[in-house]
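Same order as they appear, the protein sequences are chains A and B.
Taking the numbering used here, the leading residue of the first sequence gets 11, the next gets one more, and so forth.
Taking the numbering used here, the leading residue of the second sequence gets 72, the next gets one more, and so forth.
The C-beta atom is built at its ideal place from N, Cα and C for all residues, glycine as well.
Since we're looking at a predicted model, the values are computed, not measured.
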Amino acid sequence: MRLAGADSNTESLEGEGRVDRKKQQEAYENYVKRKTPVHNLPANMTKAFITGGIICVIGQSILNYCEKIGLDKDISGGWTSMILILLSVILTALNVYPRIAKWGGAGALVPITGFANSVAAPAIEFQKEGQVMGIGCKIFTIAGPVILYGVFTSWVLGFLYWIGKIAGLL
Amino acid sequence: MDYINAFWVGGLICALAQILLDRTKLMPGRVMVLLVCTGAVLGALHIYQPIQDYAGAGASVPLAGFGNLLWKGVKEAVDKEGFIGIFLGGFKASAVGISAALVFGYLASLICEPKMKK
């Protein structure tokens, strides 16, 4: 039965071409609509809020400790980033971070730990493609754009700031 | 108190980013780029630093804080070194974060085998 159905389908495809293709397209779009997961925005936002909040609290506790032992503000910030990145890479290597990201969504993506995850994960995944073209290139898959546009944006702003200073506006 | 401020501000930034992820077709990488650029612009407009003074790690840990850090580095370098500071400050300020991510990420790739996605 299925074979016969398939046969008639191909025949009509050859026969009526466009009309059928349109029907097929419609059926396909319906299928995609059905299969695309429906997002529950408030629930996802709550999860992101909790996950991101917890990561920031961990950061705050590192920051407070560094300032307590007398490090200056910038150096404390550096230690905080470094330790959070280290934790994130370890959790990525243990395959725990993907699970946190699956639950927390943007809450795991937006903190600097998400940046570290986006560096470590492709480096681990593409090691079979070699040191240079595998790890070397793929490690920048997401870090590359982030660094490029971050540096470029701050460069443009710095340029404007410099002009402002020359012109005596600032 | 600083823990509560860090929690709700950091959480709020993440919840807003979640709207971008769910409601638009922006991929995670684009959201990250957008946040860093937004942070740099808000930093230059003197908006981000007051938030960071209030929320501490709640504002410095999300990637927008990374953008603010880039801008702060550029500004300080321009104040100190003039024109060449525009090229100097951003990388200098973000050096710890970028180096740590690259070095630890690379070490992880030496130690770990890739895992199958389930």
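Given residue i as reference, the closest of the options once Cα atoms are compared
i: B/Ser180; options: A/Thr102, A/Leu179, A/Lys43 and A/Leu94; result: A/Thr102
i: B/Gly168; options: A/Thr151, A/Gln35 and A/Trp89; result: A/Trp89
i: B/Gly176; options: A/Ile157, A/Ile145 and A/Val161; result: A/Ile145
i: A/Ser164; options: B/Gly156, B/Tyr74 and B/Asp93; result: B/Gly156
i: A/Ala58; options: B/Val112, B/Ala88 and B/Arg101; result: B/Ala88
i: B/Ala164; options: A/Gly160, A/Ala37, A/Lys45 and A/Ile65; result: A/Gly160
i: B/Glu184; options: A/Thr151, A/Asn105 and A/Gly117; result: A/Asn105
i: A/Ser98; options: B/Leu159, B/Phe162 and B/Ala172; result: B/Ala172
i: A/Gly87; options: A/Ile134, A/Ile122, A/Ala37 and A/Leu179; result: A/Ile122
i: B/Ala111; options: A/Ala53, A/Leu158 and A/Leu179; result: A/Leu158
i: A/Met55; options: B/Leu92, B/Gly153, B/Val149 and B/Gly161; result: B/Leu92
i: B/Gly127; options: B/Leu178, B/Ile182 and B/Asp73; result: B/Asp73
i: B/Asn76; options: A/Arg28, A/Lys32 and A/Val67; result: A/Val67
i: B/Ala166; options: A/Ile95, A/Val29, A/Ile134 and A/Asp82; result: A/Ile95
i: A/Ile110; options: A/Arg28, A/Leu180 and A/Ile60; result: A/Ile60
Cβ-based burial, residue i [other Cβ within 10 Å; buried from 16]
i: B/Ile118; result: exposed
i: A/Ala177; result: exposed
i: A/Ser18; result: At A/Ser18, the pLDDT of 48 sits below 50, so the modelled position is not reliable and the matter cannot be decided from this model.
i: A/Gln34; result: exposed
i: A/Gly174; result: exposed
i: A/Asn40; result: exposed
i: B/Asn139; result: buried
i: B/Gly82; result: buried
i: A/Ile64; result: buried
i: A/Leu13; result: Because the pLDDT of A/Leu13 is 48, which lies under 50, any placement of that residue in the model is unreliable, and the number read from its coordinates should be weighed accordingly. Exposed, since its Cβ has fewer than 16 Cβ neighbours within 10 Å.
i: A/Asn50; result: exposed
i: A/Ala37; result: exposed
Same chain, Cβ closer than 8 Å to residue i, five either side skipped, listed in chain order
i: B/Cys85; result: Pro133
Close-in-space but distant-in-sequence residues of the same chain around residue i (CB under 7 Å, 5 per side omitted)
i: A/Ile100; result: none
i: A/Ile93; result: Ile72
i: A/Ala16; result: The predicted position of A/Ala16 is uncertain, since its pLDDT is 48 and thus under 50; a value taken from the coordinates is nonetheless stated next. Taken in chain order, the list of residues that qualify is empty.
i: B/Val174; result: none
i: A/Val129; result: Ile149 and Ala153
i: B/Ser131; result: Gln123
i: B/Leu159; result: Ala148 and Glu152
i: A/Gly124; result: Ala118
i: A/Thr20; result: Its pLDDT being 49, under 50, A/Thr20 is placed unreliably in this model, and the coordinates cannot settle the point.
Contact set for residue i: own chain, Cβ-Cβ below 6 Å, skip 5 residues either direction
i: B/Ser170; result: none
| said: With three or more beta-carbon pairs closer than 8 Å as the criterion, would you say the region 139–148 of chain B touches the region 162–170 of chain A? | reply: The region 139–148 of chain B and the region 162–170 of chain A touch, with no fewer than 3 CB-CB distances between them shorter than 8 Å.
| query | Which residue spans inside the region 81–161 of chain A form an unbroken alpha helix (DSSP H) run of at least 4? | reply | Listed in chain order, the complete alpha helix (DSSP H) runs (minimum 4 residues) inside the region 81–161 of chain A are 83–103, 107–114, 116–119 and 122–135.
| request: Would you be able to state if there are at least three C-beta pairs under 8 Å between the region 115–122 of chain A and the region 100–115 of chain B? | output: Contact between the region 100–115 of chain B and the region 115–122 of chain A is present: 3 or more CB-CB pairs across the two stretches fall below 8 Å.
| task | Tell me the start and end of each unbroken alpha helix (DSSP H) in the region 79–160 of chain B that is at least 4 residues and wholly inside, in chain order. | result | Complete alpha helix (DSSP H) runs here, min 4: 99–115, 119–126, 128–131 and 134–152.
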